[in-house]
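Residues 0 to 307, numbered by numbering that gives the first Met the number 0, are exactly what the sequence shown covers, in order.
Built from N, CA and C at the ideal position, the CB exists for glycine as well.
Working notes for the structure below.
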Amino acid sequence: MDFVAGCIGGAAGVLVGHPFDTVKVRLQVQNVDKPLYRGTFHCFQSIIRQETLFGLYKGIGSPMMGLTFINAIVFGVQGNTMRLLGHDTPMNQFLAGAAAGAIQCVICCPMELAKTRLQLQGTGEKKSSRKLYKNSLDCLVRIYNREGLRGVNRGMVTTLIRETPGFGVYFLAYDVLTRGLGCEPDDRFMIPKLLFAGGMAGIASWLSTYPVDVIKSRLQADGVGGVYRYSSIADCVRQSVRREGYMVFTRGLTSTLLRAFPVNATTFATVTLILMYSRGEGRGPKDCELAPTGHQVQLQQQAHPSSL
Numbered sequence: 000m001d002f003v004a005g006c007i008g009g010a011a012g013v014l015v016g017h018p019f020d021t022v023k024v025r026l027q028v029q030n031v032d033k034p035l036y037r038g039t040f041h042c043f044q045s046i047i048r049q050e051t052l053f054g055l056y057k058g059i060g061s062p063m064m065g066l067t068f069i070n071a072i073v074f075g076v077q078g079n080t081m082r083l084l085g086h087d088t089p090m091n092q093f094l095a096g097a098a099a100g101a102i103q104c105v106i107c108c109p110m111e112l113a114k115t116r117l118q119l120q121g122t123g124e125k126k127s128s129r130k131l132y133k134n135s136l137d138c139l140v141r142i143y144n145r146e147g148l149r150g151v152n153r154g155m156v157t158t159l160i161r162e163t164p165g166f167g168v169y170f171l172a173y174d175v176l177t178r179g180l181g182c183e184p185d186d187r188f189m190i191p192k193l194l195f196a197g198g199m200a201g202i203a204s205w206l207s208t209y210p211v212d213v214i215k216s217r218l219q220a221d222g223v224g225g226v227y228r229y230s231s232i233a234d235c236v237r238q239s240v241r242r243e244g245y246m247v248f249t250r251g252l253t254s255t256l257l258r259a260f261p262v263n264a265t266t267f268a269t270v271t272l273i274l275m276y277s278r279g280e281g282r283g284p285k286d287c288e289l290a291p292t293g294h295q296v297q298l299q300q301q302a303h304p305s306s307l
């Protein structure tokens, strides 16, 4: 039931957060010489006006499709790592999260590649005159046929650099916040406290690795239309800084932070309600054993009331 709750909670998070993610990607990769969008809210307005509301949900099939596999990997790795380390400490939470983040990149990278390509497809068009990709699976198959495994794993190194410390910071921040806020099973404000901790942990995680995410998006968007601009990660960083300055690493950050809190809150609320009903209304989540997740939900029963 824990696994099912995590998958459903993650799906709810994707539904809430995907429009913000579409805006983030559009802002990250737009041409600085001929920008289509002036900022986050202008991007939202433009997409809805030009492509309808459904334009904000382009590419949602990819994260939905990969969600089950990602959660399965994260559950297993994070739980086994914590058991291997033996003690529930903030540092061990960081290490366990980092291990989970690194291993789930195998699924995360191709998933985000397809998502990015679909989010950019038909930019500015209410009805795309020519769709290169029918859906997420078709996108990955076409990339594989054209570029092989290397093409499907485009951006793998940057994804690894982002996810490994990002997951570590997420688990560490959540652990520190729940310990600081105090969380007892009979606390009437337990769920709001956990929601707040999960949302803030998601924000902390994104802030810690956001510049890498900008480069990852640019590398994964590179080659759309058959035009390649970057030969490597270093070349992408060099060209981006030379053309746009160091502020390039904050492109789409507003949308990302606006997305981070509700996504984590929605994911956590959904998982919490499912577990409460499945265990019986009187029992509910015990000893703050439920950890929310922008990327994952891990359940452990520990002695300390703020443990994951």
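- DSSP, reduced to helix, strand and coil, places Gly179 within a helical segment of the structure shown.
- Of Pro34, Thr177, Gln103 and Asn263, the smallest CA-CA separation from Arg161 is found for Gln103.
- DSSP, reduced to helix, strand and coil, places Phe170 within a helical segment of the structure shown.
- Every alpha helix (DSSP H) stretch that sits fully inside the stretch 37-78 and reaches 4 residues is listed by chain position as 39-50.
- Between the alpha carbons of Val175 and Trp205 lies a gap of roughly 17 Å.
- With a beta-carbon spacing of about 6 Å, Tyr132 and Arg141 fall inside the 8 Å limit used to define contacts.
- Cβ atoms of Pro261 and Val15 come within 8 Å of each other, at about 5 Å.
- Residue environment analysis places Tyr227 among the exposed positions, since fewer than 16 neighbouring C-beta atoms fall within 10 angstroms of its C-beta.
- Counting along the chain, Gly100 sits inside the alpha helix (DSSP H) bounded by residues Pro89 to Ile102.
- Straight through space, the alpha carbons of Arg250 and Ala172 are spaced by roughly 24 Å.
- In the DSSP assignment, Phe195 falls within the unbroken alpha helix (DSSP H) covering Met189 to Ala220.
- The residues Gly60, in chain order, have a CB closer than 6 Å to that of Asn134 in the same chain once the five nearest residues on each side in sequence are set aside.
- Put simply, the backbone Cα of Leu139 is about 6 Å away from that of Ala113.
- Excluding five sequence positions before and after Gln118, the CB atoms of its chain that fall closer than 6 Å to its own CB belong to Thr21, Val24, Lys57 and Gly58, given in chain order.
- Looking at Gly75, Phe53, His86 and Asn91, the one whose alpha-carbon comes closest to that of Ala99 is Gly75.
- Excluding the 5 residues flanking it on each side, Gly65 has same chain C-beta neighbours closer than 6 Å at Ile106 and Met110, in chain order.
- Only residues of its own chain outside the window of five on either side were considered, and among them Arg161 have a CB closer than 6 Å to the CB of Asp212, listed in chain order.
- In the DSSP annotation of this structure, the continuous segment of the alpha helix (DSSP H) that includes Asp234 starts and ends at Ile232 to Glu243.
- Rounded to the nearest angstrom, the gap between the Cα atoms of Val73 and Leu83 is 15 Å.
- In the same chain as Val247, and ignoring 5 residues on each side of it, the C-beta atoms closer than 7 Å to its own belong to Val213, Ser239 and Val240, in chain order.
- Nearest to Ile69 by alpha-carbon distance, out of Met189, Arg48 and Gly8, is Gly8.
- In the structure shown, the three-state DSSP call for Tyr143 is helix.
- Nearest Cα to Leu136 within the set Arg149, Gly154, Arg116 and Met155: Arg116.
- Look at His17 here: in three-state DSSP terms it is helix.
- Collapsing the DSSP output to three states places Val22 in a helix.
- By the neighbour-count definition (other C-beta atoms within 10 Å, threshold 16), Ser277 is an exposed residue.
- Assigned with DSSP and collapsed to three states, Thr255 falls in helix.
- The criterion of a C-beta distance shorter than 7 Å is not satisfied by Met81 and Ala97.
- A check of alpha carbon separations from Thr177 across Phe19, Ser254, Ile190 and Thr51 identifies Ile190 as the nearest.
- Counting only the Cα atoms, His17 lies some 16 Å from Cys6.
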